[in-house]
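Chemist:
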């Protein structure tokens with residue numbers, strides 16, 4: 045019994061983080077048909093923000109500094125996202141392959157800049173809470189509960205915003221038919237910018253959350269961007285709900301497989317699963333009705 | 134059988150030599166002549182470096198065939214290069230096979246992986262950036278597997294002691310252990326690969342790939358099974374990349390997980406993009422030049438080269454979408 | 011005149027709209043047929059289904075008695091059902107000659123029969139003087155001719171032409187009508203058109219579509235005097 049609870053909680057931890065990373069990717073992909081390969085670097089930026097704030101000696105104790113980083117990281121992520129959107133992405137609209145090359149270049153540059161500023165060694169970060177909590181007979185780290193709770197709240201808020209606010213309606217309109225939405229007076233460029241910054245902020249937030257569990261290195265984001273792409277492909281482009289569903293699938297499968305197999309083999313199996321599922325359900329679990337599907341010949 | 138012959142005649146009939154092609158052919162012949170004379174002046178060290186670059190050029194040609202002609206970008210192309218290299222290393226050092234067997238093993242595994250993955254993705258209509266990123270994920274995961282499956286792949290260290298290729302034919306003996314011989318072997322194979330690909334793609338077969346790459350739906354309604362054509366091209370490119378990787382393993386003598394990984398995949402895209410997609414001679418020469426430059430820069434600082442690679446991607450996208458060849462063309466038109 | 015293509019109770023739905031609603035008819039060997047109807051009547055959807063570009067939700071498409079329902083688009087072309095797209099869908103970075111040479115290969119490889127000579131088709135579509143021009147550099151009218159030329163390279167048994175005269179001069183429209191009449195001696199030709207003078211010139215069997223349904227089928231003269239057809243065009247139905 046307690047074993048099952050631990051498995052479920054482990055899966056939920058991974059799912060929360062994956063969904064936070066994937067949502068931004070899925071929305072921007074749906075809106076602009078842009079696949080941002082630098083998206084993983086926002087996770088890295090988040091994690092490094094945490095280590096930087098905690099290491100700064102003129103500041104608070106590390107536990108308190110964590111909360112500062114949790115607020116600061118999404119802001120930094122959004123700012124960097126805005127800069128990238130302004131400098132590169134918006135200039136390459138309608139050139140998907142070029143966008144992927146350019147964002148890949150940005151990803152390489154960001155990684156190496158971080159390495160040059162902070163060194164190649166893993167950074168030290170501390171979780172704000174320690175100790176274990178008992179739930180349904182399972183003995184489980186308190187910090188992981190925090191991840192699940194925070195992640196869950198943010199994801200639910202994003203889902204709600206996407207579904208019920210005017211902003212969400214406009215966003216969905218742009219995803220489904222950009223030209224029509226623009227002719228109805230929606231400022232698609234502004235929305236794209238906001239969505240890009242928002243997605244970057246979410247990924248940076250995920251970076252802070254996962255940093256105490258991971259080794260904070262410059263290629264931290266690379267591991268997550270690969271998984272986030274499976275999530276988006278499986279879940280459906282341009283759909284928040286799809287991202288969550290895809291995260292449940294990828295995160296759940298990987299957590300379960302990790303118990304039986306070597307982690308790299310588990311990732312390989314998840315990839316194989318993703319590839320086979322794409323064949324069976326080309327439009328994803330929750331089709332987002334995105335124009336990107338047409339471009340891919342998937343419509 | 135007769136039908137196959139008819140098909141080959143239709144697909145690979147050679148048109149006359151065009152003006153632009155003549156320039157390319159002249160550049161190719163001149164480059165070949167210079168490279169053939171190089172052993173007379175180059176040091177052993179530089180000869181070995183250039184030989185490695187020539188084998189990497191075969192790898193670049195395999196990507197150029199795919200990316201330049203069908204516009205299918207593979208961001209994890211090193212996956213196939215690495216499979217070829219590991220196939221050779223495992224066959225010769227672990228299984229005790231001859232190098233010929235290792236070559237076949239590497240090529241067969243790479244082609245099977247490409248065929249299987251390509252079947253699922255290409256027939257599902259996955260194209261463009263989607264396809265590019267999925268192949269990148271494959272190469273990432275393959276690197277992890279190579280690093281963790283120590284009993285077969287040697288883990289992070291890799292496999293040492295891959296023997297050089299040796300064979301005798303027509304009374305002549307070829308020994309890959311000899312620096313000059315292996316240099317000429319690599320030079321011959323690189324230019325032969327380029328020649329074969331160029332002949333195939335200037336024929337009507339190349340037109341089919343171009344048609345599928347630029348307007349797949351239209352090509353489909355003209356009776357082309359486009360998914361199958363793309364699958365064949367993808368598998369062939371993977372096999373060619375594995376061929377280059379297996380040869381590379383025999384000349385380097387070692388294989389390690391980075392032969393499967395992101396950096397090599399990144400560099401091969403740069404070589405092709407700088408040389409000019411779809412020109413074959415461009416990527417071949419670009420590989421030699423950029424590889425030489427990267428060796429020099431890496432010896433100064435290890436993190437400088439990836440930083441420059443990143444900048445090169447931006448430069449290509451914004452300033453040189455057709456590679457350095459476009460500069461040549463622009464000057465000619467001006 | 012034997013039956014070549016049978017369209018049987020075909021239906022296609024897009025969201026809440028029935029683009030095609032239970033349409034049935036047949037096309038005979040070497041028959042020339044026009045499909046007309048007001049905008050949004052379902053003409054292009056019908057052509058998409060006939061050419062395999064879109065799979066119908068219901069009903070069947072049979073070629074010489076064989077169902078093509080579950081076959082992919084390229085198989086339709088290999089059976090000899092070849093289409094031209096609306097608005098000239100050509101290959102931007104290929105010359106006219108290269109486009110034609112390439113266009114014939116798919117079907118030729120499948121059938122093992124050599125494609126027609128590129129020079130002959132160039133003469134038919136009167137683009138001999140533009141042979142080395144890139145697709146993207148051709149005028150709209152030239153692209154229309156090029157598209158027809160590409161379909162002819164496939165040795166069609168049924169040629170489906172979606173708005174072949176859109177963007178053409180009056181003279182070229184007459185030439186296109188003459189070509190369609192000439193081709194109908196060798197193959198079945200189905201034309202979707204808006205230009206009534208063009209349809210009148212063809213003077214052939216005419217199908218009228220309205221709101222996804224087939225509302226008339228007969229000689230052009232009879233159809234053009236049909237009360238229901240007039241209502242449909244005037245928006246009274």
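Chains as they are written, first to last, in my numbering: chain C, 45 to 343; chain U, 134 to 467; chain F, 11 to 247.
Just so it is clear, CB atoms sit at the ideal spot from N, CA and C, and this is done for glycine as well.
Remember, predicted model here, so these are calculated numbers, not experimental data.
Would you identify the three-state DSSP class for residue 337/C, choosing helix, strand or coil?
Modeler: For the purposes of this step, residue 337/C is taken as the residue at position 293 of the first chain. Residue placement at residue 337/C is flagged as unreliable, the pLDDT there being 44, under the threshold of 50; a coordinate-derived value is accordingly withheld.
Chemist: According to DSSP, what are the bridge partners of residue 229/F?
Modeler: As a first step, residue 229/F is located in the third chain; it is residue number 219 there, counting from the start. Answer is 215/F.
Chemist: Which whole-angstrom value is the C-beta distance of residue 457/U and residue 194/U, which I expect to be below 8 Å?
Modeler: Against the second chain, residue 457/U aligns to sequence position 324. Against the second chain, residue 194/U aligns to sequence position 61. 16 Å between Cβ atoms; not a contact.
Chemist: Can you give me the Cβ contacts of residue 116/C inside the same chain, cut-off strictly under 7 Å, excluding the 5 residues immediately before and after it?
Modeler: If you number the first chain from 1, residue 116/C lands on position 72. Answer for residue 116/C: 93 and 97, listed in chain order.
Chemist: Taking only three categories from DSSP, how would you classify residue 220/F?
Modeler: The residue given as residue 220/F occupies position 210 in the third chain. In the structure shown, residue 220/F sits in a strand (DSSP, three-state: E or B).
Chemist: What is the DSSP secondary structure of residue 153/F, reduced to helix, strand or coil?
Modeler: On the third chain, residue 153/F is found 143 positions in, with the first residue counted as 1. Helix.
Chemist: On the premise that residue 216/U lies in contact with residue 239/U, defined as a C-beta separation below 8 Å, what is that separation, rounded to the nearest angstrom?
Modeler: As a first step, residue 239/U must be located in the second chain, where it is residue number 106. As a first step, residue 216/U must be located in the second chain, where it is residue number 83. Contact flag correct, Cβ pair sits at about 6 Å.
Chemist: Does DSSP put residue 19/F in a helix, a strand or coil?
Modeler: Here residue 19/F refers to the residue found at position 9 when the third chain is read from its first residue. Correct three-state label for residue 19/F: strand.
Chemist: Quick one: what's got a C-beta closer than 6 Å to residue 301/C's C-beta in the same chain, skipping five residues either side?
Modeler: Taking the first residue of the first chain as position 1, residue 301/C is located at position 257. Closer than 6 Å at the Cβ level, and outside the excluded window around residue 301/C, lie 310 and 313.
Chemist: 9 Å is my cut-off, CB to CB: does residue 159/C come that close to chain U?
Modeler: One-based indexing of the first chain puts residue 159/C at position 115. Cβ-Cβ to chain U under 9 Å: yes for residue 159/C.
Chemist: In three-state DSSP terms, what is residue 376/U?
Modeler: Looking up residue 376/U in the second chain gives position 243. The answer is helix: DSSP assigns residue 376/U an H, G or I state.
Chemist: Starting from residue 184/C, follow the beta strand (DSSP E) in both directions and report where the run begins and ends.
Modeler: On the first chain, residue 184/C is found 140 positions in, with the first residue counted as 1. Note, residue 184/C: beta strand (DSSP E), 182-185.
Chemist: Leaving aside the five residues before and after residue 389/U along the sequence, list all residues of the same chain whose C-beta is less than 6 Å from its C-beta, in chain order.
Modeler: For this step, residue 389/U is matched to residue 256 along the second chain. Excluding positions up to five away in sequence, the list reads 291.
Chemist: Could you work out which residue in 250/U, 363/U, 348/U and 177/U is closest to residue 198/U when comparing CA atoms only?
Modeler: As a position in the second chain, residue 198/U is number 65, starting the count at 1. Per the Cα distances, 363/U.
Chemist: Could you tell me the alpha carbon to alpha carbon distance between residue 343/C and residue 70/C, rounded to whole angstroms?
Modeler: As a position in the first chain, residue 343/C is number 299, starting the count at 1. As a position in the first chain, residue 70/C is number 26, starting the count at 1. In this prediction, residue 343/C has a pLDDT of 28, which is less than 50 and means its spatial position is unreliable; what the coordinates show is noted afterwards. The straight-line gap from Cα to Cα measures roughly 17 Å.
Chemist: Using a C-beta to C-beta distance shorter than 9 Å, which residues of chain U count as neighbours of residue 93/F?
Modeler: Within the third chain, the letter at position 83 stands for residue 93/F. The contacting residues are 354.
Chemist: For residue 441/U, tell me which candidate among 89/C, 78/C and 151/C has the shortest Cα-Cα distance.
Modeler: On the second chain, residue 441/U is found 308 positions in, with the first residue counted as 1. Answer by Cα proximity: 151/C.
Chemist: Provide the residue(s) that pair with residue 73/F in DSSP beta bridges, ordered along the chain.
Modeler: One-based indexing of the third chain puts residue 73/F at position 63. DSSP output for residue 73/F lists 15/F and 76/F as bridge partner(s).
Chemist: From residue 231/U to residue 309/U, what does the alpha carbon distance come to, in whole angstroms?
Modeler: The sequence position of residue 231/U within the second chain is 98, counting from 1. The sequence position of residue 309/U within the second chain is 176, counting from 1. So the two alpha carbons sit approximately 13 Å from each other.
Chemist: Quick one: list the residues of chain U neighbouring residue 322/C, beta-carbon separation under 7 Å, in chain order.
Modeler: As a working note, residue 322/C is residue 278 in the first chain. 253, 254, 257 and 259, listed in chain order.
Chemist: Any Cβ of chain C within less than 9 Å of the Cβ of residue 277/U?
Modeler: Here residue 277/U corresponds to residue number 144 of the second chain, with the count starting at 1. Interface residue, yes.
Chemist: Output the boundary residues of the beta strand (DSSP E) element that contains residue 307/U.
Modeler: If you number the second chain from 1, residue 307/U lands on position 174. Note, residue 307/U: beta strand (DSSP E), 305-308.
Chemist: For residue 94/F, name the three-state secondary structure that DSSP assigns.
Modeler: Your numbering for residue 94/F matches position 84 in the third chain. The answer is strand: DSSP assigns residue 94/F an E or B state.
Chemist: Suppose you measure from the CA of residue 127/C to the CA of residue 200/C; what does that come to, to the nearest Å?
Modeler: For the purposes of this step, residue 127/C is identified with residue 83 of the first chain, where counting begins at 1. For the purposes of this step, residue 200/C is identified with residue 156 of the first chain, where counting begins at 1. So the two alpha carbons sit approximately 27 Å from each other.
Chemist: For residue 388/U, does the three-state DSSP call read helix, strand or coil?
Modeler: As a first step, residue 388/U is located in the second chain; it is residue number 255 there, counting from the start. Residue 388/U: strand per DSSP, three-state reduction.
Chemist: Helix, strand or coil: which one does DSSP assign to residue 142/C?
Modeler: Locating residue 142/C in the first chain gives position 98, counting from the first residue. Helix at residue 142/C.
Chemist: Based on the DSSP output, what are the partners of residue 172/F in its beta bridges?
Modeler: Looking up residue 172/F in the third chain gives position 162. Paired residue(s): 202/F.
Chemist: Which residue's Cα is closest to the Cα of residue 345/U: 335/U, 359/U and 333/U?
Modeler: Locating residue 345/U in the second chain gives position 212, counting from the first residue. Here the closest residue by C-alpha is 359/U.
Chemist: Hey, residue 30/F and residue 52/F: beta-carbon distance below 9 Å or not?
Modeler: In the third chain, the residue the question calls residue 30/F occupies position 20. In the third chain, the residue the question calls residue 52/F occupies position 42. Result yes, Cβ atoms of residue 30/F and residue 52/F sit closer than 9 Å.
Chemist: Assuming residue 201/U contacts residue 411/U under a Cβ cut-off of 8 Å, what Cβ separation, rounded to an integer in Å, is found between them?
Modeler: Counting from one through the second chain, the residue named residue 201/U turns up at place 68. Counting from one through the second chain, the residue named residue 411/U turns up at place 278. Contact holds; Cβ gap of about 3 Å.
Chemist: Could you check what DSSP says for residue 100/C in three-state terms: helix, strand or coil?
Modeler: The residue given as residue 100/C occupies position 56 in the first chain. Of the three classes helix, strand and coil, the one that applies to residue 100/C here is coil, per DSSP.
Chemist: Do you know offhand how far residue 90/C's Cα is from residue 265/C's?
Modeler: In the first chain, counting from the first residue as 1, residue 90/C sits at position 46. In the first chain, counting from the first residue as 1, residue 265/C sits at position 221. In a straight line, the C-alpha of residue 90/C is about 10 Å away from that of residue 265/C.
Chemist: State the Cα-Cα distance for the pair residue 194/F and residue 81/F, rounded to the nearest angstrom.
Modeler: Indexing the third chain from 1 puts residue 194/F at position 184. Indexing the third chain from 1 puts residue 81/F at position 71. In a straight line, the C-alpha of residue 194/F is about 26 Å away from that of residue 81/F.
Chemist: Sort out for me which residues DSSP pairs residue 55/F with in a bridge.
Modeler: For the purposes of this step, residue 55/F is taken as the residue at position 45 of the third chain. DSSP, once it has assigned bridges, lists no residue as partnering residue 55/F.
Chemist: Please list the terminal residues of the continuous beta strand (DSSP E) segment that includes residue 32/F.
Modeler: Translated into the one-based positions of the third chain, residue 32/F becomes position 22. 27-38 is the extent of the beta strand (DSSP E) around residue 32/F.
Chemist: Below 7 Å CB to CB, which residues in the same chain sit around residue 58/C once its five sequence neighbours on both sides are set aside?
Modeler: Residue numbering aside, residue 58/C sits at position 14 when the first chain is read from its first letter. Excluding residues within five positions, the ones whose Cβ falls inside 7 Å are 295, 298 and 299.
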